[in-house]
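A short worksheet on the structure shown next.
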Amino acid sequence: MARFGLARRALVAALLAVLVAAPLAMARAAEYRLLHVRTLAVSVDRTQAHIGGQLHLTVRTAVGERVEALPELILPDLTAFQVLADAERVEHAASGTTFVAVLTIAPNLPGSSVIGPAYLDAIDPGTHRALRYRSNTVVVTALASAPSQAREIIAQVHRLLPLDILFVLAVIVGSLWLLRPRAEGTVAVAPPRSEPSTPALPASEGLGVWVERLRAAPTRANAAGARAALWARLGARERETAQDVLGRLSDPTGRSAVAAAERAAFVEPAREAAAARDLADALARLVG
Amino acid sequence: MSLDPRTVRRELARAIVGQEEMLEGLLLALLAGGHALLEGAPGLAKTLACTSLAHLIGGTFRRVQFTPDLLPSDIVGTRVYDQRGGEFRTLLGPAFCNLLLADEVNRAPAKVQSALLEAMQERQVTLAGETHTLPSPFVVLATQNPLDGEGTYPLPLAQVDRFLVKIHIDAPSREQELKIVDRYGAGAPELTAVASLDDVRDWQGRARRVHVEPAVRAYAVDLVRATRSHPLIEAGASPRASLALLALTRARAALEGRDFATPDDVRAYAPGALRHRIAWSFRLASEGREAEGELASIIASVPPP
């Protein structure tokens, strides 16, 4: 009964937080930045958990620019979960910026729940149109009861922190998350557009779109985007290089696509167009 | 159209079983026109690898066994009085060669090490006011033994920084050791020159022309800079390390037959370019950590482009 009460209060807290943040978010809806969106993906460390059991949801976003914050990112709806903790990490590299948000969540209802997609609003550098990028989704199955150890942990938390304090904390955490400071230098554009305007990244069907883009504009920027989509398709993990990917890839079509992607991304500028066209051909063979 | 440098790599593998990192490191030093420091226990084919490489490229080769009583003139040369001619004559030292093997470089005193390192850096030697240019290519392959510390003069960080790459040599696996026993049981394989010095100069030219995209260059610099903010490092790698890493990057791309460098080229030899340019703090040893493992973590923490 106590747990049900906690879940209900957490749900109310999340709704309150959304209500507080919504007017501000709408006021800023007309502001978007020019961003090369390379990756937008959600993942969980396990797809099954008991009610009250913890799992980690990771939202990974990579853009080609150096930016300090990503206020345009809209996290997945988590009304079927309690958000127990959140952490954010920003990594700058020569190739751009990667944002990693890790949320510790616990299902509060039995059955399967879909998490995602996460959204990101930005201006596409290729077309200069405002687009809504959409991530993949993941399905988490909540089992009816938590194992005894987990129950004990939850009971201890309940003993240490009264429910009212948890309720207030949930409201504060939710509000802070949604009202994070926004970066300067945004570009004003037309109001939001229909979705999905661009392919979901890093979904595998995205490669077909990159083939078309590369054929229409065989540029380094498109080659970099196609390379990122190929990496995602091949299940590359963070900080992996082509050698890591090739190490577990036996399919010759995939291997030649990886080699073509490296060439297109790093060859001298005088030959980048030819290399980008070769990459388009290699990706077309891979997509079949 | 000159020879493919991988031919030398294949021939080296005929003489040396395993030790891929050492063989590739030696070739990269050659292609980049830099010097290599090889560190490993005795009997791990360090000297054999160097002599084999010298045979294969057909250059002049000298070997100097560094000892505590060695003098700078034993390396660079000296002026001697010729009684018959009644004048001083210059005798050039063993440094005047294409490939100089400085065996157990840490056994000679600082004055000798300094003379060698100056020659490595300047690629010329001055004797009695007269400057003598060293041949091209000129590559020093120095070995040192991490054991037997007694009676050695460890190279200071500023001097060891002159080496483009430091290669760690580990003991071979059981299978490799069996192969070594089989191969050398019937006598050492005979190696003949498969390349010329012109080929080497051509490879070096190719390596210099390898295109490195700004993102790849930035990755190399980020890797080096990451060593300067690590809590277990007292002094991180200098900007010379960035230059060395990029030279190795270009050389590796050229060795692979490419005219552009990739992030893998940077990452592959980052340990070799950085390990001797870092001063680890006392905490590393006191916490029982391994420098190689920590360096690998630092390298892995920098996202590639």
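Chains as they are written, first to last, in this note's numbering: chain A, 6 to 293; chain B, 910 to 1214. Note that the Cβ used here is the ideal one computed from N, Cα and C, for glycine as well.
With DSSP run on the structure shown, which of helix, strand or coil describes residue i?
i	result
residue 1012(B)	strand
residue 1093(B)	helix
residue 1107(B)	helix
residue 100(A)	coil
residue 142(A)	coil
residue 1201(B)	helix
residue 137(A)	strand
residue 986(B)	strand
residue 55(A)	strand
residue 1085(B)	helix
residue 119(A)	strand
residue 79(A)	strand
residue 975(B)	coil
residue 926(B)	coil
residue 48(A)	strand
residue 216(A)	helix
residue 239(A)	coil
residue 148(A)	strand
residue 68(A)	strand
residue 940(B)	helix
residue 176(A)	helix
residue 1065(B)	coil
residue 263(A)	helix
residue 272(A)	coil
Out of the options, state which residue places its alpha-carbon closest to the alpha-carbon of residue i.
i	options	result
residue 86(A)	93(A), 175(A) and 72(A)	175(A)
residue 227(A)	146(A), 214(A), 84(A) and 237(A)	214(A)
residue 1100(B)	944(B), 937(B), 959(B) and 950(B)	959(B)
residue 42(A)	62(A), 98(A), 128(A) and 280(A)	128(A)
residue 2(A)	279(A), 275(A), 107(A) and 254(A)	Nothing about residue 2(A) can be reported from this structure: the residues present for chain A run from 6 to 293 only.
residue 237(A)	259(A), 223(A) and 217(A)	259(A)
residue 1193(B)	1204(B), 1176(B) and 982(B)	1204(B)
residue 988(B)	1002(B), 978(B) and 926(B)	1002(B)
residue 1049(B)	1182(B), 1081(B) and 972(B)	972(B)
residue 933(B)	962(B), 912(B) and 1195(B)	962(B)
residue 54(A)	135(A), 173(A), 68(A) and 145(A)	145(A)
residue 1036(B)	1180(B), 983(B) and 994(B)	983(B)
residue 93(A)	61(A), 254(A), 83(A) and 69(A)	61(A)
residue 1125(B)	100(A), 84(A) and 216(A)	100(A)
residue 58(A)	76(A), 95(A), 138(A) and 148(A)	148(A)
Is residue i close to chain A? Criterion is C-beta to C-beta, closer than 9 Å.
i	result
residue 1209(B)	yes
residue 1198(B)	no
residue 1171(B)	yes
residue 1180(B)	no
residue 913(B)	no
residue 958(B)	no
residue 1176(B)	yes
residue 1168(B)	yes
residue 1107(B)	no
residue 1214(B)	yes
Consider the Cβ of residue i: report whether some Cβ of chain B lies at a distance smaller than 9 Å.
i	result
residue 271(A)	yes
residue 48(A)	no
residue 98(A)	yes
residue 267(A)	yes
residue 228(A)	no
residue 5(A)	Any answer about residue 5(A) is impossible in this case: the structure gives chain A only from 6 up to 293.
residue 94(A)	no
residue 244(A)	yes
residue 103(A)	yes
residue 149(A)	no
residue 89(A)	no
residue 248(A)	yes
What are the partner residues of residue i, as DSSP defines its beta bridges?
i	result
residue 996(B)	991(B)
residue 1189(B)	1142(B)
residue 128(A)	39(A) and 135(A)
residue 1076(B)	947(B)
residue 1036(B)	1039(B)
residue 1053(B)	948(B)
residue 109(A)	61(A) and 90(A)
residue 1120(B)	1169(B)
residue 970(B)	1008(B)
residue 1001(B)	986(B)
residue 95(A)	104(A)
residue 917(B)	DSSP, once it has assigned bridges, lists no residue as partnering residue 917(B).
Distance cutoff 9 Å, beta carbons only. Does residue i sit that close to anything in chain D?
i	result
residue 261(A)	Within the model displayed, chain D is absent; protein chains A and B are what it includes.
Mind checking the segment 1116-1128 of chain B against chain A and listing, in chain order, the residues whose C-beta falls within less than 9 Å of any C-beta there? 1120, 1121, 1122, 1123, 1124, 1125, 1126, 1127 and 1128
Scan the segment 982-1000 of chain B for residues whose Cβ lies nearer than 9 Å to a Cβ of chain A and list them as they occur along the chain. none
Pull out every residue of the segment 965-978 of chain B whose Cβ sits closer than 8 Å to any Cβ of chain A, in chain order. none
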